[in-house]
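In my numbering, the protein residues as written are 1 to 290. Think of the CB as a built atom: it goes at the ideal place given N, C-alpha and C, for glycine as much as any other residue. Structure, as structure tokens:
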């Protein structure tokens, strides 16, 4: 069995008033796409920022290909790419200029820059936009440019925090195909979302995090029973607009629709996901009839 590229051991992270990660243990398979799924506030972004070296954990270890992130942060930085859920671009620069600037910032050799820029653009299918201003691109193309910037130095490990957020269905489909292409080229990807159904068509592994703890992890094939999509109807005593917010924040929940005092949605994750959703409804003091 191939050893994982990334191993997280007993990771704890605390903010001044709360503990965000409680002894997290995670393995991320090589040359795969691992879906990191959990509701808003579950600890996804905190875990991702620790993996990217942007936050130092309170305790525990993060190993990337056997190298401790705290012992050799420069080598780790060179081996990973990271794209936050909210990213910025130099909108007055052309696509080529954006990629060239990031290549220089990453310390790429000047005689290698053109090749790296062209390779990244080709991998993200933006070669025809090279002379276009970044600010003139569509939301989906901006996302692809941002990912191209993240892989300009050809990292082994790419971390994407909510990359499909704000994209229309066609852009999401194109993005998923591009991520699969990166995986097929040998890259290891960690992709986060609060909606599992966004990722299950192309993810090879899944990690579910709830309340700063790992609820489950493993190959997608082994999680099929827990990730089958089903319809769910929630009826309240009286109509309450907060129902939409609670349902939309649920792990594995998608296609939320409200009609009067009734909410309809699709949910993956089996009994555990339904139980967690009910807990969230009760915590919000929503009176559930059925």
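Q. Going by other Cβ atoms of all chains shown within 10 Å of its Cβ, with 16 needed for buried, is residue 75 buried or exposed?
A. exposed
Q: Per DSSP, which residues does residue 259 bridge with? Please list them.
A: Residue pairing of residue 259 in beta bridges, as defined by DSSP: 262.
Q.
Taking only three categories from DSSP, how would you classify residue 135?
A. helix
Q: Can you give me the Cβ contacts of residue 81 inside the same chain, cut-off strictly under 6 angstroms, excluding the 5 residues immediately before and after it?
A: 150, 151, 155 and 158
Q) Which residues in the same chain as residue 246 place their Cβ atom closer than 7 angstroms to its Cβ, once the five residues preceding and following it in sequence are excluded? A) If we look at residue 246 and ignore the five residues flanking it on each side, its Cβ neighbours are 280, 281, 284 and 286.
Q) Are the beta-carbon atoms of residue 289 and residue 236 separated by less than 8 angstroms? A) Yes.
(Q) Please give the ranges of any beta strand (DSSP E) in the stretch 159-240, keeping only runs that are unbroken, at least 3 residues long and fully inside the region. (A) 188-193, 205-210, 213-219 and 230-235
**Q.** Spatially closest choice to residue 291 from 40, 274, 87 and 120, by CA coordinates
**A.** Residue 291 falls outside the range modelled here, since the chain spans only 1 to 290, and no answer is possible.
Q) Using the rule of at least 16 other Cβ atoms within 10 Å of the residue's Cβ for burial, across every protein chain shown, is residue 259 buried or exposed? A) exposed
**Q.** Buried/exposed call for residue 107, threshold 16 Cβ in 10 Å
**A.** Residue 107 should be labelled exposed.
Q: Please go through the same chain and pick out, in chain order, the residues whose beta-carbon is closer than 6 angstroms to the beta-carbon of residue 52, but skip the five residues on each side of it.
A: Hits under 6 angstroms: 82 and 159.
Q. Is the CB-CB distance between residue 89 and residue 134 below 8 angstroms?
A. yes
Q.
Measuring CB atoms only, is the stretch 45-64 touching the stretch 126-133, in the sense that at least three cross pairs come out at less than 8 angstroms?
A. no
Q) Using the beta-carbon count (16 or more within 10 Å), is residue 35 buried or exposed? A) buried
Q. Excluding five sequence neighbours on each side, which residues of the same chain lie with their C-beta closer than 6 angstroms to the C-beta of residue 232?
A. 265 and 267
Q: Could you check the C-alpha separation between residue 145 and residue 94 for me, to the nearest Å?
A: 11 angstroms
(Q) Please tell me whether, using a cut-off of 7 angstroms, the distance from the CB of residue 121 to the nearest non-hydrogen atom of the ligand ZN is below it. (A) Inclusion of the ligand ZN in the displayed structure is not the case, the ligand content being empty and no account of it being possible.
Q. How would you label residue 205, buried or exposed, when you count the other beta carbons within 10 angstroms and need 16 or more for buried?
A. Buried, because 16 or more other Cβ atoms sit within 10 Å of the Cβ of residue 205.
Q) If you check the beta carbons only, do residue 238 and residue 33 fall under 8 angstroms apart? A) Not in contact: residue 238 and residue 33 (Cβ atoms no closer than 8 angstroms).
Q) How many Å lie between residue 115 and residue 96 at the Cα? A) The alpha-carbon atoms of residue 115 and residue 96 are separated by roughly 12 angstroms.
Q: With DSSP collapsed to three states, give me the class of residue 83.
A: strand
Q. Rounded to a whole number of angstroms, what is the C-alpha to C-alpha distance between residue 252 and residue 183?
A. Using only the alpha carbons, I get a separation of about 23 angstroms.
**Q.** Outcome for residue 276 when other beta-carbon atoms lying within 10 angstroms are tallied against a minimum of 16
**A.** buried
Q) With which residues is residue 15 paired in a DSSP beta bridge? A) Bridge partners of residue 15: 18.
(Q) Within a Cβ cutoff of 7 angstroms, which residues of the same chain sit near residue 273, ignoring the five residues on either side of it in sequence? (A) Within the same chain, Cβ atoms closer than 7 angstroms to the Cβ of residue 273 are found at 251, 252 and 267, the five residues on either side in sequence being excluded.
**Q.** Three-state class that DSSP yields for residue 242 in the structure shown
**A.** helix
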